[in-house]
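A.B. asks: Here it is: the structure, laid out below.
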Amino acid sequence: MSDIETPQISRGLEGIYIAESRICKVNGAEGRLYYRGYPIEALVKNSSFEETTFLLLNGKLPTRAELDDITRQLADARDLPQGVVRIISEMSGKAESMDILRTATSALSAYDAETADMSPAANFRKSIRIISRMSSIVATIGRMRAGGSYINPDKALGHVENFMLMLNGKAPDKQALDIMKDMFVIHAEHSSNASTFGTMVAGSTLSDIYSAITAGISVLKGPLHGGADEAALKMMKQIGDPSNTESYIESALAGKQRIMGFGHRVYKAYDPRAKVLKEYLLSLQEHSSEEVRRYTAIALRAEKMMIEKLSASHGIWPNVDFFAGPVYVAAGIPVNLFTPIFAASRSAGWCAHMLEYWKDNRLFRPLEKYTGQIDLEYVPIEKRQ
Ligand SMILES: CC(C)(COP(=O)(O)OP(=O)(O)OC[C@H]1O[C@@H](n2cnc3c(N)ncnc32)[C@H](O)[C@@H]1OP(=O)(O)O)[C@@H](O)C(=O)NCCC(=O)NCCS
């Protein structure tokens, strides 16, 4: 078989379809997003994280009995093995939150008797445990960063309320809880983006679901993907006063810097999730702190300027990560937990994709065009120049 001399290279796999899927539709041209056919706006307004998780994993909205069942399964799985709590404690203060999350999630496999069982039923049960426990891990990372110790979960609480309890050691106020419930639904799924693809590449080797999800966390960490929410808030902090916004953006763009929270490989219109978060932020205004109001003012000025400058020429609009930071701050979430919370929520989408892909698995193995030399003569080390 001869080599293809001039293969078509799609850098970053741009425009390449990797599979058929019934989980998520991103309409990048019109800025629309659907989980299993339901518009994201309707789910944020009406659905809980438990219900959204059921929808993503099973392909339909649950009946009351089914919702009660998945709610109980998620609640039952919440408690973390002591070994995992020790890992979080050991890494706390030494590593970034995403690094702790990646290690602790991987370690969960040691405490799961079904890790190596690749049957669909076992993979479904493990998915529930992973989705449940990643939130407990993230809450514990935050708790320990703040100098506290592990809080036992409360099975009687909903998924997000329990997350807030394990994070803060007390029940959240209504505003913070409402915000976080929406954040968990909004981040739960987004088709074959980099971290979902990373999850699927690892899973396609038929390793196991813990390995696959750990790969997803690794991919999500970067500032070009999930890490953009932290980076965007750090930028708002650097800008400091709203009146500095335009000059900051101007000089960043002149220096060819990327403005975090803008642009998207697929959306060439306003990201619908960013729209929801912007509206949320505006609705909070008078009920939020001076800090949140300042970030909001900066965000609105930056948004206006970026749209004026780059939407028509480059199709650049705010993405989900742009307004997420100020919204998290309004819920009392520290910046180092933004991306881990994204991961805890996205675990539902990652697991849904893995369960779907394994029904008709094919190993991912793309090609690269070799541009180096061949048939070189091996020169012994003493004769090398
Ligand atoms: C998300 C992202 C990686 C997608 O990038 P992509 O599809 O690879 O787009 P490209 O890198 O080809 O960029 C296309 C053009 O837009 C510009 N651009 C893209 N994102 C930009 C941003 N955030 N700020 C300024 N310019 C940006 C690029 O410089 C490039 O300009 P050029 O054609 O004049 O060289 C990119 O938009 C980005 O880095 N955004 C910031 C990080 C972020 O918010 N990530 C979260 C995504 S949900």
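Using this note's numbering, the letters of the sequence shown correspond one by one to residues 5 to 389.
Beta carbons: idealized from backbone N, C-alpha and C, even for Gly.
(1) Mind checking who residue 37 pairs with in its DSSP beta bridge?
(2) Where does the unbroken alpha helix (DSSP H) through residue 310 begin, and where does it stop?
(3) Quick check: the Cα distance between residue 118 and residue 127, rounded to an integer number of angstroms?
(4) Taking the Cβ atom as the reference point for each residue, do residue 80 and residue 159 lie within a distance shorter than 8 Å?
(5) Please find out if some non-hydrogen atom of ligand 1 comes closer than 7 Å to the beta-carbon of residue 268.
(6) Taking the DSSP output, what are the residues bridged to residue 43?
(7) How about residue 324: is its Cβ closer than 7 Å to a heavy atom in ligand 1?
(8) So, under 8 Å CB-CB, residue 57 and residue 135 are touching, yes? Tell me the CB distance rounded to an integer number of Å.
(9) State yes or no: is the C-beta of residue 228 nearer than 7 Å to some heavy atom of ligand 1?
(10) Tell me the start and end of each unbroken beta strand (DSSP E) in the segment 145 to 183 that is at least 3 residues and wholly inside, in chain order.
(11) State the Cα-Cα distance for the pair residue 190 and residue 253, rounded to the nearest angstrom.
(12) Taking the alpha-carbon positions, what's the residue 52 to residue 186 distance?
(13) Is the number of C-beta pairs between the segment 102 to 117 and the segment 150 to 170 that are closer than 8 Å three or more?
(14) On the DSSP bridge list, what partners appear for residue 266?
(15) Identify whether residue 251 lies in helix, strand or coil by the three-state DSSP scheme.
(16) For residue 12, which three-state DSSP category applies?
(17) I believe residue 38 touches residue 29 by the beta-carbon criterion, under 8 Å. Please report the beta-carbon distance rounded to the nearest angstrom.
(18) Within a Cβ cutoff of 6 Å, which residues of the same chain sit near residue 372, ignoring the five residues on either side of it in sequence?
(19) Cα separation between residue 131 and residue 100?
(20) So, for residue 351: in the same chain, excluding its five sequence neighbours on each side, which residues have a beta-carbon less than 7 Å away from its beta-carbon?
(21) Taking buried to mean at least 16 other C-beta atoms within 10 Å of its own C-beta, is residue 31 buried or exposed?
(22) I'd like the list of long-range same chain contacts for residue 18, defined as Cβ closer than 7 Å, with 5 residues on each side in sequence excluded.
(23) Buried or exposed for residue 196, going by 16 or more other Cβ atoms inside 10 Å?
(24) Give the secondary structure of residue 5 by DSSP, where H, G and I count as helix, E and B as strand, and everything else as coil.
C.D. replies: With the given structure in hand:
(1) In the sequence shown, the residue the question calls residue 37 occupies position 33. Paired residues: 30.
(2) Residue numbering aside, residue 310 sits at position 306 when the sequence shown is read from its first letter. Residues 294 to 310.
(3) Numbered from its first residue, the sequence shown carries residue 118 at position 114. Numbered from its first residue, the sequence shown carries residue 127 at position 123. Approximately 8 Å, taken between the alpha carbons.
(4) On the sequence shown, position 76 is the one that residue 80 refers to. On the sequence shown, position 155 is the one that residue 159 refers to. Their beta carbons are under 8 Å apart, which means residue 80 touches residue 159 by this criterion.
(5) To locate residue 268, count along the sequence shown from 1; it is residue 264. Checking every heavy atom of ligand 1 against the Cβ of residue 268, one is found closer than 7 Å.
(6) Reading the sequence shown from its first residue, position 39 is the one you call residue 43. 38.
(7) Taking the first residue of the sequence shown as 1, we reach residue 324 at position 320. Correct: residue 324 has its Cβ closer than 7 Å to ligand 1.
(8) To locate residue 57, count along the sequence shown from 1; it is residue 53. To locate residue 135, count along the sequence shown from 1; it is residue 131. Contact flag correct, Cβ pair sits at about 6 Å.
(9) By one-based count along the sequence shown, residue 228 stands at place 224. Within the cutoff, so yes.
(10) none
(11) Working through the sequence shown from its first residue, we reach residue 190 at position 186. Working through the sequence shown from its first residue, we reach residue 253 at position 249. Looking at the two C-alpha atoms, the distance is approximately 27 Å.
(12) Taking the sequence shown and counting its residues from 1, one reaches residue 52 at position 48. Taking the sequence shown and counting its residues from 1, one reaches residue 186 at position 182. Taking the straight line from one Cα to the other gives about 8 Å.
(13) no
(14) Along the sequence shown, one-based indexing puts residue 266 at 262. Answer by DSSP bridge pairing, in chain order: 322.
(15) On the sequence shown, position 247 is the one that residue 251 refers to. If DSSP states are grouped into helix, strand and coil, residue 251 belongs with the helices.
(16) The residue you call residue 12 lines up with position 8 of the sequence shown. Residue state, collapsed to three classes: coil.
(17) The residue you call residue 38 lines up with position 34 of the sequence shown. The residue you call residue 29 lines up with position 25 of the sequence shown. About 4 Å separates the two Cβ atoms, so the contact holds.
(18) Here residue 372 refers to the residue found at position 368 of the sequence shown. So no residue of the chain qualifies.
(19) In the sequence shown, the residue the question calls residue 131 occupies position 127. In the sequence shown, the residue the question calls residue 100 occupies position 96. Computed Cα separation, rounded: 25 Å.
(20) Position 347 of the sequence shown holds residue 351. Here the set comprises 134, 135, 138 and 217.
(21) Here residue 31 is taken as the residue at index 27 of the sequence shown, counted from 1. Exposed.
(22) Counted from its first residue, the sequence shown places residue 18 at position 14. Cβ neighbours of residue 18 beyond the five flanking positions: 269.
(23) In the sequence shown, residue 196 corresponds to position 192, counting from 1. That one is buried.
(24) In the sequence shown, the residue the question calls residue 5 occupies position 1. Because the pLDDT of residue 5 is 44, which lies under 50, any placement of that residue in the model is unreliable, and the question is left without a value.
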